[in-house]
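Chains as they are written, first to last, in the numbering used here: chain A, 32 to 453; chain B, 32 to 453; chain C, 32 to 453.
All C-beta atoms, glycine included, are put in the ideal place defined by N, C-alpha and C.
One structure is given here, and the rest of the page talks about it.
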């Protein structure tokens, strides 16, 4: 006999998302450094389900590739015949499963694990055949409304916008589509869903009413709208990004990162930052960047492409660091571009320094040693290596392959060794 | 017999706006790339009125010049004797007009056409002699309050702040000053307005009470405060800019532009952007800029002065583009200034590139061909032309008139042709 | 007999603030260009108290040094035994004082003078033995709750979170800790405070209850939560910075500075800006910077380190100015770093100009005269002086000590005099 608590999760991820104006399948659209579906699968995984089934369709190949390595099963929805049909496509992948099926959406990325945990706990405590997650929307237009019995307040169904009376349209409780349903009820109920609607599709929305008609218990639980808002358009994405950013920044603040202005700081979700580091306003930190302790970052700085910044380093105004490694205490305080570079401990990267990493075809690396004094306006044409304690003169153009030796001073265009003045 | 729906619009635009601390007449102060009065006249024009009369005074010449070409009549208010007097100045320009006169303000720039349309529809439906647009102000201080009969809620007059009782001061319904009034009532009523007040001016505010005293029907309609807030100070302007920016960004989001962070994006109202283009945070796009489809813009980018960016182009961190044309797929990804430049298709503008367009007296153009590889830190001293497929070395200073030929490689300070390495 | 209105202020400033992850004593942590305690002492000083006593502990030496010159007395709290103990440490410094003692906190920086003035006026009017300032917290977790008698609403005590019943935890009125207490009641009541609590500390929080038990009158007054929120963590600091920034920007708007976007403008509290100056979005103005009238600043600009910008000057995109003086009408419109520089009237600093002020050991100054035309991409290696009306060519590297004469033109790497073309 299966445990009452057995859980399987179906994530619907077959949509195209034309309104997003992106070539990517919708669920692969980036949300602070990870595709939307990663957010959903992380929340799903934290629930320790027995199985996760991802229903793919548009861009199935790309989605499967992106999720390679995740312990999920895939189900193909070859034709887009609605959410009810999508869940039906997961049936084979759920063969033999007899517990609770939780339906999530690859384009509803911000739902939190603890919200889902509470939702499932309510579902089980109430011994419901199905439970629906709802939210109170500031502007409910376009959403299915939650209908309740007037006296008892009991949930009686979902009314789509197009079928709603003026009074029903004023209802602000809306269906998120997120559904927990006992497997044994699911398949038979899905068979009952028809496609007699404008789109000719099978809607999961109809499931609660069908179960209620069959005398089953269907309950609703509330969640914060910001968490369960779907992403169907650039405006939705902007709203989701705003919520996601706030969540990420709050996490860093809680771990002792001194973010000075949450509203003007953009930190991707997979960034790590050490305690004591100050993040000044107008700072963008993306894609796998790792920053040590007690650094100063910004204002007006971009770090990206897996940059690694050592403890006590300083990245200042109008500086971009891409796919570069900076040692402890290294400084690049103004107007610089460090791309595909390695900068040693204690090195000072002068204002206006550029690593010319791209030769028109490929990217190359610049390796700069420790305690180097890089003069203002130096250009390094990669690939090139600069030894420890070296010095470059202001405006030096260090050509590719013309490595600078340890302790050597170079200057000029192109840069040549010079005798040190005194 | 004139149609009941005949409409004339009077726009009051004679104020000086000393608190704005600008040399411009107040209504010419810029709001996201257009003078405030342009916003008002655009909304007015969309109502298809029979006539538009702009009452000018301070800076009359400048205002008339700015509006040259618009189908409006001007009326001069030589002395600033109040809003009632200002409307009276429009009398000759309205000679023979017998329909509804709508009074708008050149410094209330954000009122929307549909708000005015609803307002006028209410006015006509109620067969009022005059109608007043009111709003609920979060902080009503300084505004005239809407007085209503306690029992019926009927409008009975406007009470100026200085004359208001403590209880009246708590009223948050305020007069926007926007007024619809039947022409046949307007002129006789205006004659009744006195100047027995602190300023010795004729106030349009007195008109509703005068009409009510004469047994005429005066109605009020509500509008959103953010739309009808006047701009009298830098703080008001900042508030108006915030509302205007939100409106403009919402428009781009709706048309498929992927603005990632509405709150840190500054887009002027006359900017066009193609669908699929991603606007990263911390981006300023001003003055007539046109951006194609599927571009990447920002973060930390300024585009202005009628820049034209081709499809699939990329403008990255710390890049300013002014009055320049970039071809399809052109890239300027870091730390560059492109002013008065033309950049051909597929050209890569290296990090640190500068077009030196100003010789201390005049601006000159830099013309760069297709598929050019501009080395990092290149400076072009305009006027200068660079042929297709040319290459400049890192740190090259291309002097004025020293054009670079098709496929040619130049390097050095000043830049000279070099034999290509291999 | 002392006047009833005699006032002494005790500022508690002994805390370490480990959660701030800063090496500074907590009260010295920067809040928009001044240590938090400066904000508190400024508000305190504006109340014209007879004495101000600062209770120091952690980092006592640093705090005393920072406050040198302020007319305050210091009291040392050698061991951190709680707030009650801290006030007791001030007893000697308050010897002979018999009026009202106001207790403030060095880490509650945003309380305004007028709020305190109202609070003290209430305290005196009610002839209370002690008065407590409370606020309504959006999220009261972690704060002591204000308990009131159900029927009368009278204050009856403070309940710490850990001792609160579920119902009490829902109370949103919280104690700010700010206390006014008659000196003659204070010392005897403090003796009654025990340390029978989890931390084994003496809590000032217990004082109101003790006075009430003794039959004394204790009153409460309300304040805005944003003003009285303590700073205990990076998240608190971010919240305080947001409130402080809004307050500073509002002040500049009111004095005629045309800040276009309050939300993306960062101005330190000691910055002065002349009327008519336009501050574009994405601008950071720090540390004692002074800006004249009718300037244009930003977007994407940083001014800091006591920069002085003359009237009608222009600082544009991606420009950083540090500890530099710019004359009237000077311009640096794009991609420049001016550090430790003097720039004369009417001088145009070309795009990409850098002052190389740091030789790896010390900072040096660059002196540029009036009406100089600094070519794009010029690097000045300080110390160096450039005469009035001089010209530098694009990409010039002006070496240290190679001063440029009045009217002279230099170009090249390194820069040498050139005959002017024509």
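The DSSP-derived three-state label of residue 311 (chain C) is coil. When secondary structure is reduced to three states using DSSP, residue 150 (chain C) falls in the helix class.
For residue 216 (chain B), the enclosing alpha helix (DSSP H) covers residues 214 to 223. With respect to the 8 Å criterion, residue 94 (chain B) and residue 177 (chain B) are not classified as neighbours on the basis of their beta carbons. Per DSSP, the unbroken alpha helix (DSSP H) holding residue 115 (chain C) starts and ends at 114 to 120. Just so you know, the alpha carbons of residue 366 (chain A) and residue 367 (chain B) end up roughly 10 Å apart.
The bridge partners DSSP lists for residue 357 (chain C) are C:340 and C:374. Put simply, the CB of residue 345 (chain C) is far from chain B, with every gap to its CB atoms at 8 Å or more. Straight-line measurement puts the Cα of residue 189 (chain C) at about 14 Å from the Cα of residue 201 (chain C). For residue 205 (chain C), same chain residues with a beta-carbon under 7 Å away, outside a window of 5 residues either side, are 165, 166, 168, 171, 174, 175, 176 and 177 in chain order. A direct Cα-Cα distance of roughly 14 Å separates residue 302 (chain A) from residue 352 (chain A). Rounded to the nearest angstrom, the gap between the Cα atoms of residue 263 (chain C) and residue 374 (chain C) is 43 Å.
Inside the segment 258 to 334 of chain C, DSSP marks whole beta strand (DSSP E) runs of 3 or more residues at positions 296 to 298 and 314 to 316, from first to last along the chain. One finds 273 and 294 in chain B with Cβ atoms closer than 8 Å to the Cβ of residue 294 (chain C), taken in chain order. For residue 366 (chain C), the chain A residues whose Cβ falls inside 7 Å of its Cβ are 366, in order along the chain. In terms of Cβ geometry, residue 42 (chain A) and residue 85 (chain A) form a close pair [threshold 8 Å]. For residue 135 (chain B), the uninterrupted beta strand (DSSP E) segment begins and ends at 131 to 136.
DSSP places residue 61 (chain B) in the strand class (E or B) of the three-state scheme. Judged by DSSP secondary structure, residue 386 (chain A) falls within the beta strand (DSSP E) whose first and last residues are 385 to 387. In terms of Cβ geometry, residue 285 (chain B) and residue 412 (chain A) do not form a close pair [threshold 8 Å]. Along the segment 68 to 96 of chain C, none of the residues has a CB nearer than 9 Å to a CB of chain A. Residue 312 (chain C) and residue 192 (chain B) have their alpha carbons spaced roughly 34 Å apart. Residue contact check for residue 280 (chain B) against chain C: no CB pair falls below 8 Å. Annotation: the continuous beta strand (DSSP E) that includes residue 163 (chain C) extends over 161 to 167.
For residue 44 (chain A), no alpha helix (DSSP H) encloses it; the enclosing beta strand (DSSP E) starts and ends at 38 to 44. Rounded to the nearest angstrom, the Cβ distance from residue 259 (chain B) to residue 139 (chain B) is 6 Å, consistent with a contact under 8 Å. The C-alpha of residue 75 (chain A) lies about 32 Å from the C-alpha of residue 197 (chain C). Distance between residue 245 (chain B) and residue 71 (chain B), taken at the CA atoms: about 32 Å. Counting of Cβ neighbours within 10 angstroms places residue 102 (chain B) among the exposed residues, the total staying below 16.
Per DSSP, the continuous alpha helix (DSSP H) segment holding residue 68 (chain A) begins and ends at 67 to 76.
The contact set of residue 173 (chain C) on chain A, defined by CB atoms closer than 7 Å, is empty, because the minimum CB distance reaches about 14 Å. In the three-state reduction of the DSSP assignment, residue 350 (chain A) falls in the strand class. For residue 407 (chain B), the chain A residues whose C-beta falls within less than 7 Å of its own C-beta are 385, 387 and 410, listed in chain order. Residue contact check for residue 65 (chain B) against chain A: no CB pair falls below 8 Å. It is roughly 7 Å from the alpha-carbon of residue 277 (chain B) to the alpha-carbon of residue 293 (chain B). In terms of Cα proximity to residue 444 (chain A), the closest of A:398, A:437, A:423 and A:436 is A:423.
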